[in-house]
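As structure tokens, the structure follows; a few thoughts come after it.
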Amino acid sequence: MAIPGWQNEESPFHPGERAIQERLGGRDRMEALGRRMIRAFLPEQHRQFYAQLPYFLVGTVDTAGNPWASILIGEPGFIATPNDRTLHIAAQPLFGDPLADNLAVGTDIGFLGIELHTRRRNRVNGMVSEINSDSFSVDVRQTFGNCPKYIQARQFDLLNFDPTTTKPLHTFTTLGHAERMMIAAADTFFIS
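Oh and the sequence shown: position 118 is 122 in the working numbering, straight run, nothing missing.
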């Protein structure tokens, strides 16, 4: 049985997305595709997928309007879905991550769950609904699968990673030579 797509009357795309679609001449095609592929709930296969991940990529916007890409890390099961419209994440931002300041009840938030060895990935957009000392919950607004075309298959090993260990934190306003070289050599780069 096919999983139903977008059932809401309003478009699944925000005004900025619609403007780009219109400018590129694909507005009607994207609207039809979005209504078929975007959902306002977590399908069972997504719920199972998120539950087995050891990390979750997060996108937020700070109070100045700057987007930030972050990562949350935990043992598989740290992402739970008590129902098909709620994510519960038993993890906190890493030391120095702007997500710590961006995370507030009522904040829009986006997630990318990715299984690098299979290149499978799924997205969730929602709003933070509750924050506790060691976890937070999100009301799900949109979910959809993503194409794996640009994902490089690899193993991701967190065995020796301790998220509670603090590392030196460096703040700068421009990228130096070393940072530019690291970015140029990367085959994967996450933006928000």
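Glycine residues also receive a C-beta, built at the ideal position from the N, C-alpha and C atoms.
- Query: Counting only runs that start and end within the region 97-166, where is the beta strand (DSSP E) found for 3 or more residues in a row?
  - Reply: Assignment of beta strand (DSSP E) within the region 97-166, counting only whole runs of 3 or more residues, yields 112-119, 124-135, 140-149 in chain order.
- Exposed unless 16 or more other CB atoms sit within 10 angstroms - verdict on Thr170: Residue mapping note: residue 170 aligns to position 166 of the sequence shown, counting from 1. Exposed.
- Sort out for me which residues DSSP pairs Tyr59 with in a bridge. Position 55 of the sequence shown, counted from the first residue, corresponds to residue 59. Under DSSP, the beta-bridge partners assigned to Tyr59 are Ile77.
- Ends of the alpha helix (DSSP H) at His181? Here residue 181 corresponds to residue number 177 of the sequence shown, with the count starting at 1. Following the DSSP letters along the chain, one finds His181 inside the alpha helix (DSSP H) bounded by residues 181-189.
- What separation, rounded to the nearest whole angstrom, lies between the Cα atoms of Tyr154 and Phe148? Counted from its first residue, the sequence shown places residue 154 at position 150. Counted from its first residue, the sequence shown places residue 148 at position 144. Put simply, the backbone Cα of Tyr154 is about 17 Å away from that of Phe148.
- Query: Cα separation between Tyr54 and Val142?
  - Reply: As a working mapping, residue 54 is identified with position 50 in the sequence shown. As a working mapping, residue 142 is identified with position 138 in the sequence shown. Per the coordinates, the alpha-carbon of Tyr54 lies some 14 Å from the alpha-carbon of Val142.
- Message: I want to know whether the region 55-72 touches the region 22-30 - three or more CB-CB distances under 8 Å.
- Response: No: the two stretches stay apart, fewer than three of their Cβ pairs being nearer than 8 Å.
- Item | Straight-line Cα distance separating Gly130 from Arg43 | Looking up residue 43 in the sequence shown gives position 39. Looking up residue 130 in the sequence shown gives position 126. When rounded, the distance between both Cα atoms is 12 Å.
- Query: Around the C-beta of His50, are 16 or more other C-beta atoms found within 10 angstroms, so that it is buried, or is it exposed?
  - Reply: In the sequence shown, the residue the question calls residue 50 occupies position 46. Buried: at least 16 other Cβ atoms inside 10 Å.
- Item | Environment of Thr192 [buried if 16+ CB atoms lie within 10 Å] | Within the sequence shown, residue 192 is the residue found at index 188, counting from 1. With fewer than 16 Cβ atoms within 10 Å of its Cβ, Thr192 is classed as exposed.
- Considering only C-alpha positions, which residue in the set Glu35, Pro152, Thr67 is nearest to Asp105? For the purposes of this step, residue 105 is taken as residue 101 along the sequence shown, with counting starting at 1. Comparing alpha-carbon positions, the option among Glu35, Pro152, Thr67 lying closest to Asp105 turns out to be Thr67.
- Is it the case that the Cβ atoms of Ile93 and Leu76 are separated by a distance below 8 Å? As a working mapping, residue 93 is identified with position 89 in the sequence shown. As a working mapping, residue 76 is identified with position 72 in the sequence shown. Leu76 is positioned such that its CB atom lies closer than 8 Å to that of Ile93.
- Residue range of the alpha helix (DSSP H) that Leu173 falls in? Looking up residue 173 in the sequence shown gives position 169. Segment: none, Leu173 is in no alpha helix (DSSP H) and carries neither H nor E.
- Beta-carbon gap between Val132 and Ala108 smaller than 8 Å: As a working note, residue 132 is residue 128 in the sequence shown. As a working note, residue 108 is residue 104 in the sequence shown. Taking 8 Å as the cut-off, the beta carbon of Val132 is found closer than this to the beta carbon of Ala108.
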